[in-house]
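Okay, so here's the structure we're looking at.
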Amino acid sequence: MNTNRISIALFFIIVFAIVVQTITGCDNDRKTRKNITIKSSQKSTDSVWIGKDSSQIPINTDSGKLILYGYRLIVNTAYYLGPKGMVAHVSNGMNCENCHLNGGTKPFGNNFGKVYSTYPKFRARNNSAQTIYDRINDCFVRSLNGKAMDSSTLEMRSIYAYIKWLGEGVPKGAAPKGTTLEKVAYLDRAANPLAGKQVFTVECESCHGKNGQGMLNPNGIGYIFPPLWGKNSYNDGAGTCQLSNFVDFVKNNMPFGTSWKHPILTDAQAWDVAAFVNSEPRPHKDQSMDWKDITDKPIDFPLGPYPDSFSEKQHKYGPFKPILNEHQKMNKKSL
Numbered sequence: 046m047n048t049n050r051i052s053i054a055l056f057f058i059i060v061f062a063i064v065v066q067t068i069t070g071c072d073n074d075r076k077t078r079k080n081i082t083i084k085s086s087q088k089s090t091d092s093v094w095i096g097k098d099s100s101q102i103p104i105n106t107d108s109g110k111l112i113l114y115g116y117r118l119i120v121n122t123a124y125y126l127g128p129k130g131m132v133a134h135v136s137n138g139m140n141c142e143n144c145h146l147n148g149g150t151k152p153f154g155n156n157f158g159k160v161y162s163t164y165p166k167f168r169a170r171n172n173s174a175q176t177i178y179d180r181i182n183d184c185f186v187r188s189l190n191g192k193a194m195d196s197s198t199l200e201m202r203s204i205y206a207y208i209k210w211l212g213e214g215v216p217k218g219a220a221p222k223g224t225t226l227e228k229v230a231y232l233d234r235a236a237n238p239l240a241g242k243q244v245f246t247v248e249c250e251s252c253h254g255k256n257g258q259g260m261l262n263p264n265g266i267g268y269i270f271p272p273l274w275g276k277n278s279y280n281d282g283a284g285t286c287q288l289s290n291f292v293d294f295v296k297n298n299m300p301f302g303t304s305w306k307h308p309i310l311t312d313a314q315a316w317d318v319a320a321f322v323n324s325e326p327r328p329h330k331d332q333s334m335d336w337k338d339i340t341d342k343p344i345d346f347p348l349g350p351y352p353d354s355f356s357e358k359q360h361k362y363g364p365f366k367p368i369l370n371e372h373q374k375m376n377k378k379s380l
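Numbering (this note's numbering), first residue to last: 46 to 380.
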């Protein structure tokens, strides 16, 4: 009899424990779901444009094959169009992906998210409206220190197709967050190339080389890490030679492993290392036809002429706030 009572008591204890565990588990599940909802909500308010992965390219269609070839040209430009290119020799051995990270899909990594939605558009530097083909050629001529290609070539049409595919779904005229470089504030002082050299030695040299020569692929075609100065790097007409462009890119992308959510360099370090790299020698491009209206020239572009009295050195390294203040006064007077 006593044994039966004990058994019955144990049975009810076990049932009660299961019920409590179930209720607690459900409550924990609700808390977990609530936390997930909160995190998802927070993420959605801080979302950025991330391009489609190349695995999503519809390769079984003719248009898909064009897109895929365009992707390959962006990622491995040197193989097809470099000094030893199998198609043509129109670039310096760097890849488009060296500046347009992850095939042009990385947030704040010079991606292609807004290109199709915002072109054609007027660009003061070129004194005219540019098409996407014009913009691609601008990169070939300046950033890749090479030659322009005819828009009718298979290669140009393929790059265009890839950029268009990435931009599908972006409303006309829109530039979603992450499709432009995040602006880093001007310093109150000039950027310091000597301090930047120290940053380069610690953070950049292991990939880009002590002399900025980059790291070649084992087959000698293209670079694992691109050269940052010297004859095989971008010329002084590239957008990267505008110091703020370099800073904005470096801050959220360099050194290797950096992301916009987890930058490694401080703002000052980004300005200084950009100043150091751009102080080193590189190919020169004739820019006599650029910026016919010099009042439209960025205040931190390193080559004159300028519409003000500040030196070329200050336009190259800063401090930029005095220049900006003067230009704002000039603009008010012209209204």
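Glycine included, C-beta positions come from ideal geometry on N, C-alpha and C.
Given the structure is predicted, the values throughout are model-derived calculations rather than measurements.
What residue range is occupied by the uninterrupted beta strand (DSSP E) comprising residue i?
i: F270; result: 268-270
i: S173; result: 173-175
Where does residue i fall in DSSP's three states?
i: S196; result: coil
i: R168; result: strand
i: K97; result: coil
i: N156; result: coil
i: F185; result: helix
i: W210; result: helix
i: H360; result: helix
i: P367; result: helix
i: R202; result: helix
i: M375; result: helix
i: H253; result: helix
i: R180; result: helix
i: G284; result: helix
i: E142; result: helix
i: R233; result: Note on residue identity: the sequence assigns Asp, not Arg, to residue 233. Coil.
i: A220; result: coil
i: T340; result: helix
i: A123; result: helix
i: T163; result: helix
Taking the C-alpha atoms as reference points, what is the distance between residue i and residue j?
i: M131; j: T122; result: 10 Å
i: C249; j: P300; result: 6 Å
i: I95; j: K151; result: 6 Å
i: H372; j: P263; result: 49 Å
i: K377; j: N140; result: 43 Å
i: V120; j: D312; result: 29 Å
i: Q332; j: C252; result: 31 Å
i: M375; j: K337; result: 18 Å
i: Q314; j: L239; result: 11 Å
i: F185; j: P165; result: 18 Å
i: K306; j: N297; result: 8 Å
i: A206; j: N290; result: 26 Å
i: K330; j: S136; result: 14 Å
i: R327; j: L310; result: 25 Å
i: A174; j: D345; result: 23 Å
i: S304; j: Q101; result: 23 Å
i: C369; j: G363; result: A small correction: the amino acid at residue 369 is Leu; Cys does not occupy that position in the sequence shown. So the alpha carbons of these two residues sit roughly 10 Å apart.
i: G138; j: S92; result: 35 Å
i: A230; j: N105; result: 47 Å
i: S354; j: A320; result: 21 Å
i: K255; j: G127; result: 24 Å
i: A133; j: M201; result: 12 Å
i: I220; j: F153; result: The question names Ile, but residue 220 is Ala in the sequence shown. Rounded to the nearest angstrom, the two C-alpha atoms are 12 Å apart.
i: N237; j: A169; result: 29 Å
i: V247; j: W316; result: 15 Å
i: G302; j: N280; result: 26 Å
i: G115; j: P367; result: 44 Å
i: F365; j: K276; result: 29 Å
For residue i, which beta-bridge partners are listed by DSSP?
i: M260; result: F270
Run the CB neighbour count on residue i, radius 10 Å, all protein chains shown included, and call it buried at 16 or more, exposed below.
i: P308; result: buried
i: K192; result: exposed
i: D107; result: exposed
i: H360; result: buried
i: I204; result: buried
i: L111; result: buried
i: L199; result: exposed
i: P272; result: buried
i: R234; result: exposed
i: S31; result: Nothing about residue 31 can be read from this structure; the chain reaches only from 46 to 380.
i: I269; result: exposed
i: F167; result: exposed
i: M194; result: buried
At what residues does the alpha helix (DSSP H) containing residue i begin and finish?
i: W316; result: 312-324
i: P238; result: 238-248
i: P113; result: The amino acid occupying residue 113 in the given sequence is Leu; Pro does not appear at that position. It spans 107-120 - the alpha helix (DSSP H) in which L113 sits, taken as one unbroken run.
i: I298; result: Residue 298 is actually Asn in this sequence, not Ile. Per DSSP, N298 belongs to the alpha helix (DSSP H) from 288-298.
i: N190; result: Looking at the DSSP string, N190 is not in any alpha helix (DSSP H), and its letter there is neither H nor E.
i: L460; result: In the structure displayed, the chain extends from 46 to 380; residue 460 sits before or after that span and is not available.
i: L4; result: The question about residue 4 has no answer here: the residues shown for the chain are numbered 46 through 380.
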